[in-house]
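Everything below concerns the one structure shown next.
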Amino acid sequence: MKRALSFLLITALLFTFGCGKKKQQLTVTSYAGSGLMGAADGPANEASFSNLKGLALDGKGNIYIADSRNNIIRKIGIDGIVTTIAGSGVAGSADGKGTAASFFDPAAVAADKKGNVYVADKQNNLIRKISPTGIVTTIAGRTEKNEEYGGRFPVFDYPTGLAADDTGTIYIADSFHDKIRKIGPDGKIVVLAGNGTPGTSDGFGKAATFFVPEGIALDAEGNLYVADTYNNMIRKINKNGLVTTIAGKKRKGNANGKGSAASFFHPEALTVDKSGNVYVADSGNNLIRKISPRGMVTTFAGCGVRGAKNGDLKEASFFRPMGIAVDTSGNLFIADYENNTVRKISK
Numbered sequence: 010m011k012r013a014l015s016f017l018l019i020t021a022l023l024f025t026f027g028c029g030k031k032k033q034q035l036t037v038t039s040y041a042g043s044g045l046m047g048a049a050d051g052p053a054n055e056a057s058f059s060n061l062k063g064l065a066l067d068g069k070g071n072i073y074i075a076d077s078r079n080n081i082i083r084k085i086g087i088d089g090i091v092t093t094i095a096g097s098g099v100a101g102s103a104d105g106k107g108t109a110a111s112f113f114d115p116a117a118v119a120a121d122k123k124g125n126v127y128v129a130d131k132q133n134n135l136i137r138k139i140s141p142t143g144i145v146t147t148i149a150g151r152t153e154k155n156e157e158y159g160g161r162f163p164v165f166d167y168p169t170g171l172a173a174d175d176t177g178t179i180y181i182a183d184s185f186h187d188k189i190r191k192i193g194p195d196g197k198i199v200v201l202a203g204n205g206t207p208g209t210s211d212g213f214g215k216a217a218t219f220f221v222p223e224g225i226a227l228d229a230e231g232n233l234y235v236a237d238t239y240n241n242m243i244r245k246i247n248k249n250g251l252v253t254t255i256a257g258k259k260r261k262g263n264a265n266g267k268g269s270a271a272s273f274f275h276p277e278a279l280t281v282d283k284s285g286n287v288y289v290a291d292s293g294n295n296l297i298r299k300i301s302p303r304g305m306v307t308t309f310a311g312c313g314v315r316g317a318k319n320g321d322l323k324e325a326s327f328f329r330p331m332g333i334a335v336d337t338s339g340n341l342f343i344a345d346y347e348n349n350t351v352r353k354i355s356k
C-alpha cells in the first residue's frame, strides 16, 4: 500500500512539474521600431521606420532592412542599435558612399558571406550593391537594346525579391516581367524561369509561368522558393530549373491543408529554415504561414485581424507583413509594413 501511494505521489509530482522546466511557448514581440513613421536611428525600441519591406540577416546576426518609404537601407546590429547604412532619404539613383547614395522605393535586401548587401531598388528598376565599407554601386539594371521592339528598355521591371548564394550568384524576382532571373558571378544576367506571360504553368525554365512573383528564398540545398504573389501560390525551382507548385491555388483564401488544398492571399515574402520548413508572409491575410517539407500548410502566427498585438501566436496580429527572415536558431523576424515595426517570433 505504501509503495502504491509513493508511486502515485511521484507520478503526480512529475505530471505537475515535468522532468525539467516547462516547455517554453513561442511568442510574438516587437523587436524594433516605435510604431511611428520616421527615420530615427538609435536603440531598437526608439528607432522609427516608414513602411519597411524586405529584410535579411547576415551570418553574424545583423538584420538589414529595405525601409521603402524612407528610401534608405537600415541595419539592426546584434547590439540592438538601428543605423542607416545607405541612402540620403531623397528618391534617386545616385551611387556613392553611405548617405551620398540614393534609392527609390527599395523593396528587398540580401546579404552574402563577404559582407555585401544587395538591394532590389524597385522604382529605379536596378540592383544595387552596398560593400562592407558602405560604398553603393549599381551592378545591374541599366537599359538594354531590344531588337524586337527597337529602342532601349530597362532590364528589370519592378524587381521585388532578392536572394544571394555562396557562389556569388544573385537571384531576382523580376515582378512585372513575371520572371525569375539571376546574375552570375561573371555579371551575366539570365532568365532562370518564366517566359514573361502571366500564368500558373509548371515546367522547366521558360516553360513555366508566374504572375507578379515578389518574394524569393534559397534553402540549404540550393532550391529556390517563390512567393508567386498574384497567383496566390508558393512555387519551387529546383537546381535543375524545374518549377513546381508546392502550395496554394489561384483563388485567394486562408485555408490550411496540403498542397493545392491550402490557399493564400497575396503572399509577399518567404524564408526557409534549416529543417526545410518554409515560412510565408501572407500579407493579404495578415498571417504568417508555415509549409512543412511534406507540403502541409498551417497558420503559424496571427489571428488574421489587422493589428499590432504581441503575445501568443494565435492571438497576435500583424498588418500587411511584407518581409520575413529566419536566423540559425530558428527565430523569425517579420517586416510589419503598416505597423512600421520589425516583429520577432521566438521562445
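Heads up: the sequence shown begins at 10 in the working numbering, then just goes up one per residue. Idealized CB from N, CA, C, for every residue including glycine. Source: prediction; values computed, not measured.
Rank the options by C-alpha distance to the C-alpha of residue i and give the top, closest one.
i: Ser184; options: Asp130, Phe112, Lys261 and Ile333; result: Asp130
i: Ala229; options: Asp291, Lys323, Lys62 and Asn286; result: Asn286
i: Thr38; options: Glu347, Ala310, Phe112 and Gly250; result: Ala310
i: Ile85; options: Ala202, Cys312, Ser97 and Lys69; result: Lys69
i: Ile72; options: Asn340, Asn348 and Lys356; result: Asn340
i: Val252; options: Asn80, Asp50 and Gly208; result: Gly208
i: Tyr346; options: Ser355, Thr308 and Gly332; result: Gly332
i: Asp300; options: Leu322, Gly320, Ala271 and Gly316; result: Rather than Asp, the amino acid found at residue 300 in this sequence is Ile. For Ile300, the nearest C-alpha among the options comes from Ala271.
i: Ser338; options: Ile148, Ser355 and Phe219; result: Ser355
i: Val126; options: Phe165, Asp174, Gly98 and Ile297; result: Asp174
i: Phe112; options: Asp121, Ala119 and Ser102; result: Ser102
i: Phe328; options: Lys62, Ala48, Gly47 and Ala49; result: Lys62
Just to confirm the assignment, what range does the beta strand (DSSP E) spanning residue i have?
i: Lys84; result: Ile81 to Ile85
i: Val128; result: Val126 to Asp130
i: Met331; result: Pro330 to Val335
i: Tyr346; result: Per DSSP, Tyr346 belongs to no beta strand (DSSP E) and is neither H nor E.
i: Ser39; result: Thr36 to Ala41
i: Met242; result: Met242 to Ile246
i: Met305; result: Met305 to Ala310
i: Asp183; result: Ile179 to Asp183
i: Tyr234; result: Leu233 to Asp237
i: Tyr167; result: Unbroken run through Tyr167: none, as it is neither H nor E.
i: Arg298; result: Leu296 to Ile300
i: Thr147; result: Ile144 to Ala149
i: Val99; result: Where Val99 is concerned, there is no enclosing beta strand (DSSP E), given that its DSSP letter is neither H nor E.
i: Lys138; result: Leu135 to Ile139
i: Ala290; result: Val287 to Asp291
i: Glu223; result: Pro222 to Leu227
i: Glu277; result: Pro276 to Val281
In chain order, what residues of the same chain lie with their CB nearer than 6 Å to the CB of residue i, ignoring the 5 residues before and after it?
i: Ala334; result: Leu64, Ala65, Leu66, Thr280 and Phe342
i: Lys318; result: Ala325 and Ser326
i: Pro141; result: Gly124
i: Ile144; result: Lys106
i: Ile243; result: Ile255, Ala256 and Gly257
By Cβ distance, which residues of its chain are closer than 7 Å to residue i, with the 5 residues on each side in sequence left out?
i: Val52; result: In the sequence under discussion, the amino acid at residue 52 is Pro, which differs from the Val named in the question. Excluding residues within five positions, the ones whose Cβ falls inside 7 Å are Gly89 and Ile90.
i: Glu157; result: With a pLDDT of only 49 at Glu157, under 50, the local geometry of the prediction cannot be trusted, and no value is derived from it.
By the 10 Å Cβ neighbour count, where 16 or more other Cβ atoms means buried, how is residue i classified, buried or exposed?
i: Asn295; result: buried
i: Thr206; result: exposed
i: Arg137; result: buried
i: Phe58; result: buried
i: Thr276; result: The residue you asked about is not Thr; residue 276 is Pro in the sequence shown. It is buried - the Cβ of Pro276 has at least 16 other Cβ atoms within 10 Å.
i: Asp362; result: Because the chain is modelled from 10 through 356, residue 362 falls outside the range shown and cannot be assessed.
i: Leu45; result: exposed
i: Thr93; result: buried
i: Ile255; result: buried
i: Lys283; result: exposed
i: Gly231; result: exposed
i: Asn247; result: exposed
i: Ile87; result: exposed
i: Met10; result: Confidence is the limiting factor: at Met10 the pLDDT is only 45, short of 50, which leaves the residue's position unreliable and the question unanswerable from this model.
i: Glu55; result: exposed
Here's a check: name, in chain order, each residue in its chain whose Cβ is nearer than 8 Å to the Cβ of residue i, leaving out the five neighbours to either side.
i: Lys30; result: The pLDDT assigned to Lys30 is 44, lower than 50, so where the model puts this residue is not dependable, and the model offers no usable value.
i: Arg303; result: Lys267
i: Gly212; result: Leu251 and Val252
For residue i, which beta-bridge partners are listed by DSSP?
i: Pro115; result: Asp130
i: Arg352; result: Ser39 and Ile343
i: Lys191; result: Tyr180 and Val199
i: Ala256; result: Ile243
i: Ala75; result: Ile82
i: Val91; result: Gly51 and Ile85
i: Asp175; result: For Asp175, which the question treats as bridged, DSSP gives no partner whatsoever.
Give a yes or no on whether 8 Å exceeds the smallest Cβ distance from residue i to chain C.
i: Leu64; result: Looking for chain C here will not work: only one protein chain is present.
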